Ligand code: ZN
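Numbering (this note's numbering), first residue to last: 2 to 139.
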């Protein structure tokens, strides 16, 4: 069995941002030389997510608005922020949107369903944060 592990680093301009990382992950899969296996992509920070969905601008706005309704940015409503932190909302958003995705690698390529794309979801950005990509197989 072969494996490849790489890290991508993102420093977003905004506190909350969605970045389509499908191309970057596909390059790592290609570089691994693995034809049949699995590709794990996970956020390495507890205020950021990796998830799969559609590359559609309206939907990205809908995610932003939905998450804000569930876990508003307001600092003074959370127990976590009593510790001096201000990012409780980002921890909650991360939990809702998930930590990682696993995509099958078939014939050397990410084997997606229709319209599936991989996104990095940043909820407490403006600082460098990492995503791990691990490809295993043969
Ligand atoms: Zn925190």
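For every residue, glycine included, the Cβ atom is placed at its ideal position computed from N, Cα and C. This one's a predicted model, so the numbers in the text were calculated from it and none came from an experiment.
- In this structure the segment 32-44 does not lie against the segment 58-77, because fewer than three pairs of beta carbons, one per stretch, are closer than 8 Å.
- Counting C-beta atoms within 10 angstroms of its own C-beta, residue 83 has fewer than 16 neighbours from the protein chains shown and is therefore classed as exposed.
- Taking C-alpha positions only, residue 26 is separated from residue 134 by approximately 7 Å.
- Between the ligand ZN and residue 81, a heavy atom-to-CB distance of less than 7 Å is present.
- Annotation: the continuous alpha helix (DSSP H) that includes residue 61 extends over 58-71.
- Residue range 130-138 is occupied by the beta strand (DSSP E) that includes residue 133.
- For residue 46, the three-state secondary structure derived from DSSP is coil.
- For residue 67, the closest of 93, 86, 9, 51 by C-alpha to C-alpha distance is 93.
- Taking C-beta atoms as the reference points, residue 34 and residue 62 fail to come closer than 8 Å.
- Residue 8 sits close to residue 132, with the two beta carbons spaced by under 8 Å.
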